[in-house]
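Protein chains in written order, with this note's numbering: chain S, 5 to 178; chain H, 73 to 195.
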């Protein structure tokens, strides 16, 4: 399962609208946490985990030759983002990109180019400039030979946003 | 020297994000790394011993593929190696303006319509 703050969820969808008709891309920083049920059962890290996103980082799409249907994050930029994550005590737990005028489903290209096992791949469909559907797929397997994408539930955390709104309201009433 | 391991490969380094390995060249460091963590080898190298095409390796801020000596480049103890798999993808519709047909499950380019100067479609 993928867990993400509502503000981050909206921000990555907005990124897809901004870059339309081209694809956007970015990186999800956070922590991979074993699901509670698996801890109880003693399954450890090998079992399903929650990729808990704490921060999203926008990345540039280097595929300027075909930006409407391809994305690529420069390795040099990834190195910097991984360094940024390390300094924050976070890990790279996934990536996001958009599919302009195309369903929010992984493509053959997405699958062929997916190598971050255990990470979440978020795809947002953007129809005529408007973000429509956002799906997440978890890349499972032990290597290139047995990797597979699995549909992944997205838990959108609105508690933080709600708490901030409540604090703001209290302040207004005082 | 320190080697930074990407999230998916930490399974093979006991969960360590950074491992320290001695060596005089990039190649020597890699040999020691895969000796210490044997399961890493198949994920970094092809059976022929070449670095896998989707695995990028940076010596500090430089891609080793573009260094003059590549994997034979000399390294110092305070250098850092970062292993970073590539990230790319995209949709299957090849032509600009093409759209995915949700019913047919394939891509299509909207047919061009021709109009007369009066704005009527020709019969």
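Heads up, the beta-carbon is just placed ideally off N, CA and C, and yes, glycines get one too.
CB contact check: residue i to chain H, cutoff 7 Å
i	result
residue 79 of chain S	yes
residue 32 of chain S	no
residue 19 of chain S	no
residue 122 of chain S	yes
residue 55 of chain S	no
residue 37 of chain S	no
residue 46 of chain S	The predicted position of residue 46 of chain S is uncertain, since its pLDDT is 49 and thus under 50; a value taken from the coordinates is nonetheless stated next. Not an interface residue.
residue 96 of chain S	yes
residue 149 of chain S	no
residue 153 of chain S	no
residue 12 of chain S	no
residue 82 of chain S	yes
residue 114 of chain S	yes
residue 111 of chain S	yes
residue 65 of chain S	no
residue 73 of chain S	yes
residue 1 of chain S	This structure cannot settle anything about residue 1 of chain S, because the visible part of chain S is limited to 5 through 178.
residue 76 of chain S	yes
residue 156 of chain S	no
Residue i at chain S interface by Cβ criterion, 7 Å
i	result
residue 138 of chain H	no
residue 205 of chain H	This structure cannot speak to residue 205 of chain H, because chain H is shown only from 73 to 195.
residue 109 of chain H	no
residue 121 of chain H	no
residue 74 of chain H	no
residue 163 of chain H	yes
residue 128 of chain H	yes
residue 96 of chain H	no
residue 159 of chain H	yes
Whole-Å CB distance - residue i paired with residue j, under 8 Å assumed
i	j	result
residue 13 of chain S	residue 130 of chain S	With 8 Å as the limit, residue 13 of chain S and residue 130 of chain S do not qualify as a contact, their Cβ atoms being about 15 Å apart.
residue 99 of chain S	residue 29 of chain S	7 Å
residue 197 of chain H	residue 101 of chain H	An answer regarding residue 197 of chain H cannot be provided, because it is not within the stretch 73 to 195 covered by chain H.
residue 34 of chain S	residue 97 of chain S	4 Å
Inter-residue Cα distance where the pair is residue i and residue j
i	j	result
residue 72 of chain S	residue 94 of chain H	45 Å
residue 174 of chain H	residue 81 of chain S	Because residue 174 of chain H sits at a pLDDT of 49, beneath the cut-off of 50, its placement in the model cannot be relied upon, and the point is left open.
residue 107 of chain S	residue 136 of chain S	9 Å
residue 162 of chain H	residue 106 of chain H	33 Å
residue 32 of chain S	residue 145 of chain H	32 Å
residue 96 of chain H	residue 22 of chain S	47 Å
residue 67 of chain S	residue 103 of chain S	14 Å
residue 138 of chain S	residue 159 of chain S	12 Å
residue 90 of chain S	residue 76 of chain H	10 Å
residue 59 of chain S	residue 15 of chain S	10 Å
residue 84 of chain S	residue 130 of chain H	11 Å
residue 95 of chain S	residue 120 of chain H	31 Å
residue 109 of chain S	residue 141 of chain H	42 Å
residue 124 of chain H	residue 112 of chain S	20 Å
residue 78 of chain S	residue 147 of chain S	22 Å
residue 87 of chain S	residue 74 of chain H	13 Å
residue 110 of chain H	residue 162 of chain S	43 Å
residue 117 of chain H	residue 126 of chain H	10 Å
residue 157 of chain H	residue 122 of chain S	13 Å
residue 118 of chain S	residue 155 of chain H	16 Å
residue 159 of chain H	residue 70 of chain S	16 Å
residue 151 of chain S	residue 11 of chain S	31 Å
residue 84 of chain H	residue 36 of chain S	16 Å
residue 57 of chain S	residue 120 of chain S	16 Å
residue 108 of chain H	residue 115 of chain H	14 Å
residue 112 of chain H	residue 105 of chain S	39 Å
residue 125 of chain S	residue 63 of chain S	14 Å
residue 139 of chain H	residue 92 of chain S	30 Å
residue 80 of chain H	residue 149 of chain H	25 Å
Proximal residues to residue i (C-beta, below 7 Å), its chain only, five neighbours per side dropped
i	result
residue 58 of chain H	Residue 58 of chain H lies beyond the range of chain H shown here (73 to 195); nothing can be said about it.
residue 154 of chain S	141, 142, 144
residue 101 of chain S	27, 28, 29, 75, 127
residue 99 of chain H	143, 144
residue 133 of chain S	21, 24
Beta-carbon proximity list for residue i, same chain, < 8 Å, skipping 5 on both sides
i	result
residue 18 of chain S	135
residue 88 of chain H	77, 82
residue 122 of chain H	none
residue 47 of chain S	Below a pLDDT of 50, predicted positions are generally treated as unreliable, and residue 47 of chain S, at 45, falls in that range; no measurement from the model is reported.
residue 135 of chain H	128, 129
residue 149 of chain S	none
residue 104 of chain H	93, 94, 95
Any non-hydrogen atom of the ligand NAD within 6 Å of residue i CB
i	result
residue 135 of chain H	With respect to the ligand NAD, the structure offers nothing, as it holds no ligand at all.
> Taking a cut of 7 Å between CB atoms, which residues from the stretch 144 to 157 of chain H lie near chain S?
Replying inline: Considering only beta carbons, the part of the stretch 144 to 157 of chain H lying closer than 7 Å to chain S consists of 154, 156, 157, in chain order.
>> Along the stretch 79 to 92 of chain H, where does the CB come closer than 9 Å to a CB of chain S? Name the residues.
In response: Per Cβ criterion, the list reads 79, 80, 81, 82, 83, 87, 89, 90.
>> Tell me which residues of the stretch 128 to 142 of chain S have at least one Cβ-Cβ distance to chain H shorter than 8 Å, keeping chain order.
In response: If the cut-off is 8 Å between Cβ atoms, the stretch 128 to 142 of chain S has nothing near chain H.
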